[in-house]
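**Q** In our numbering, the protein residues as written are 333 to 546.
Glycine residues also receive a C-beta, built at the ideal position from the N, C-alpha and C atoms.
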């Protein structure tokens with residue numbers, strides 16, 4: 333397994349207020365609410381919530397600061413090469429559930445390159461990604477509830493983290509707590525044997541506003 337080229341990059345990751353509030357958590361809430369609204373008479377939703385973004389920022393040697401998040405278009409079910417990757421590589425390794433074209437997320441590579449160019453002009457580097465995990469094991473169709481999701485990476489997440497080799501990979505677990513939407517966030521960095529948890533710092537005003545635990 334290849335070594336990850338992270339050197340002495342800090343393991344503390346701090347989100348600035350507006351990117352955390354405006355760019356991701358609000359989108360995750362919208363996706364989750366759309367999922368809940370799509371439930372049939374048996375309470376099973378048809379919409380699988382998916383939200384993903386690219387993390388841009390910088391490192392001062394002590395901590396990594398995330399200054400912007402840009403939403404990424406999902407080409408999981410529209411790009412032929414990506415669909416072949418899921419069918420021929422990912423599903424055989426991680427389960428037939430990933431044969432479902434609505435399961436999983438894949439960012440358009442051309443979009444990533446354009447985003448890097450735009451943010452580079454402002455002195456920001458692409459540092460990683462953030463994506464959501466819903467409590468699908470509790471609210472999804474019965475045949476898809478065997479895989480428990482949380483703010484921890486799945487085996488497929490770890491595979492994608494290693495493929496991208498980005499130093500910051502954040503998972504936002506979205507669930508219901510006493511009828512209210514809540515979130516648990518965790519940051520991860522791929523290592524030779526497993527992903528290592530990062531020290532994630534979310535502004536207190538955002539934690540309070542969106543019921544976030546990090």
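Going by DSSP, name the residue or residues bridged to residue 401.
**A** 387
**Q** Among 430, 487 and 343, whose alpha-carbon lies nearest the alpha-carbon of residue 417?
**A** 430
**Q** Report buried or exposed for residue 345, applying the criterion of at least 16 other Cβ atoms within 10 angstroms of its Cβ.
**A** buried
**Q** Give me the residue from 541, 489 and 524 with the minimum Cα distance to residue 423.
**A** 489
**Q** Along the alpha helix (DSSP H) that carries residue 430, what are the first and last residues, could you check?
**A** Element bounds for residue 430: n/a, residue is neither H nor E.
**Q** Quick check: the stretch 457 to 476 against the stretch 492 to 511, are at least 3 beta-carbon pairs closer than 8 angstroms?
**A** Because the criterion of three Cβ pairs below 8 angstroms is met, the stretch 492 to 511 and the stretch 457 to 476 touch.
**Q** Beta-carbon within less than 6 angstroms of residue 531's beta-carbon, same chain only, minus the 5 sequence neighbours each way: which residues are those?
**A** 343 and 344.
**Q** Whole angstroms are fine: how far does the CA of residue 482 sit from the CA of residue 544?
**A** C-alpha separation (whole angstroms): 13 angstroms.
**Q** Using 8 angstroms as the Cβ pair cut-off and three pairs as the minimum, do the stretch 432 to 448 and the stretch 354 to 368 touch?
**A** no
**Q** Does the beta-carbon distance from residue 459 to residue 396 come in below 8 angstroms?
**A** yes
**Q** Let me know if residue 334 comes out buried or exposed under the rule of 16 or more other beta-carbons within 10 Å of its beta-carbon.
**A** Legend: pLDDT at residue 334 = 44, less than 50; position of this residue unreliable, no value from coordinates given.
**Q** Which partner residues of residue 545 appear in the DSSP bridge assignment?
**A** 516
**Q** For residue 491, which residues does DSSP report across the bridge?
**A** The partner list for residue 491 (beta bridge, DSSP) is empty, contrary to what the question assumes.
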